Amino acid sequence: MTNTELKETPIIKAHQDMGAKLVDFGGWNMPIHYGSQLDEHHQVRKDAGMFDVCHMTIVDLRGCEVIDYLAKLMANDVAKIADKPGKALYSCMLNNEGGVIDDLIIYFMESAWVRVIVNSSTREKDLAWMRSQIDNMAVDLTERDDLAMIAVQGPNAREFAAKALGDEIAGAQELKPFNALLINSGSDNERFVARTGYTGEDGYEIVCPNSQAEQTWRLLADAGIKPCGLGARDTLRLEAGMNLYGNDMDETQSPLESGLSWTVDFSNENRHFNGRAALEKQKEDGLKYKFVGLILEGKGVLRAHQGVLVEGSENAGELTSGTFSPTMQKAIGFARVPVEANETCQVEIRKKHLNAKIVKLPFVRNGKVLVD
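If you read the sequence shown in the working numbering, its first letter stands for residue 1090, the second for the next number, and so on.
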């Protein structure tokens, strides 16, 4: 795909002006870095950085049956947030076999309105599946292509965002984590701010009209929030123990074997969500694999699809994501390993078996290393 065929976000001119290296990211012309991925990673951990996430899909679901619809569509139970305006919920959307179609964030806005953020790479199949599940229910699905989204992340991100945008995000400072606030409604001037993110640091995801996105980006930069690319976003999310769809789970794996059991709510036996029967059978039969963090004990780089060997097990595991952690100064990764795995394993790297430590995720949160 040539650059002329790539989709562009409303912030593309600012990226070019600020020296971004642009790459093809799932059909979008997106910044991978602005000079140094390493510096951008540390900027978010120690101060404040921002990411263009306008390629993500914002979906509004409206109608008197929207909660009943989501009760079937999502593995997590939306009823937990259905009386809490602005409250967010992370969930997987499953197929009938229990495989993960996508992982999403759901925001309860009011009794007949829920907002869902869908991954860019899964947009078409997600929307097709979501529409197919409506049947004759009183639910209307609208893609909000008129809206842009910017993620500001880091220990100083909220303070700098307030300095930059002032009344445009009034009230956001009082938000608790995993909550959102609609400040202005209407497509011409909507401001939606969520205290969520994908880095393991505090911050906001700010939604505004496409026409205001570039100006918002420049105001945030002027306030001291440094632009960051998708390269740093990946190392940050990996340190934070956050799954990446397509790497760490997909339609061939269930959330139970992808470190996402905590997102599946079985408590209401009358809620027959898609894939429930398959997950219950998987639990009954017993899982063969579990999802863990790995820290390489020697020199080397962990990458997806490297083999993992566990002493005493006939089953081989596999890395799903891997990188060099700028915060820890060690090679880290996620792996699906045999349930027999305990404290150590070996990773196949260039025909060598290198020792690795098995740890509980996450590696880093709020600037602190949580594993030895």
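Every residue, glycine too, gets a C-beta built ideally from N, C-alpha and C.
Please read these numbers as outputs of a predicted model, since none were measured by experiment.
Annotation for residue 1351: no beta strand (DSSP E) segment contains it, and DSSP assigns it neither H nor E.
Using a Cβ-Cβ distance cut-off of 8 Å, the region 1237-1253 and the region 1163-1179 are not in contact, since fewer than three pairs of beta carbons, one from each stretch, lie closer than that value.
The beta carbon of residue 1367 lies closer than 6 Å to those of 1186, 1187 in the same chain, with the five residues before and after it left out. Classified as buried, residue 1285 has 16 or more neighbouring CB atoms from the shown chains inside 10 Å of its CB. Proximity to residue 1312 across 1363, 1246, 1376 peaks at 1246, based on C-alpha coordinates. In its chain, beyond the 5 residues on either side, 1346, 1347, 1348, 1423, 1425 have a beta carbon closer than 7 Å to the beta carbon of residue 1380. In the three-state DSSP reduction, residue 1233 falls in the coil class, being neither helix nor strand.
Non-local C-beta neighbours of residue 1171 in its own chain, meaning closer than 8 Å and more than five positions away in sequence, comprise 1156, 1197, 1200, ordered along the chain. If you ignore the 5 residues before and after residue 1241, its C-beta comes within less than 7 Å of the C-beta of 1137, 1139, 1250, 1292, 1293, 1295, 1309, 1314, all in its own chain and listed in chain order. DSSP places residue 1338 in the strand class (E or B) of the three-state scheme. The way I'd put it, the region 1316-1332 does touch the region 1404-1413; three or more beta-carbon pairs between them come closer than 8 Å. Taking a C-beta distance under 8 Å as the contact criterion, residue 1339 and residue 1207 do not qualify as a contact pair.
Annotation: residue 1154 is outside any alpha helix (DSSP H) and is labelled neither H nor E by DSSP. Going by DSSP, residue 1449 is part of no alpha helix (DSSP H) at all; its letter is neither H nor E.
In the DSSP assignment, residue 1280 falls outside any alpha helix (DSSP H) and lies within the beta strand (DSSP E) extending over 1280-1283. Secondary structure at residue 1133: helix, using DSSP grouped into helix, strand and coil. Across the set 1390, 1397, 1378, 1416, the C-alpha of 1416 shows the shortest separation from the C-alpha of residue 1326. Inclusion of residue 1177 and residue 1299 in the CB contact set at 8 Å is not warranted, their separation being larger than that value.
Under the three-state reduction of DSSP output, residue 1110 falls in the strand class. The distance from the Cβ of residue 1456 to that of residue 1244 is about 6 Å, consistent with a contact at the 8 Å cut-off. Restricting attention to alpha helix (DSSP H) runs no shorter than 4 residues, the region 1350-1436 encloses them at 1365-1374, ordered along the chain.
Here the region 1215-1232 makes contact with the region 1146-1155; the two share three or more CB pairs at distances below 8 Å. Cβ-Cβ separation between residue 1237 and residue 1143: approximately 4 Å, consistent with a contact (criterion under 8 Å). Judged by DSSP in its simplified three-state form, residue 1096 adopts strand.
Judged by DSSP in its simplified three-state form, residue 1126 adopts helix. For residue 1182, the enclosing beta strand (DSSP E) begins and ends at 1177-1183.
Around the Cβ of residue 1266, a 10 Å sphere holds fewer than 16 other Cβ atoms; the residue is exposed.
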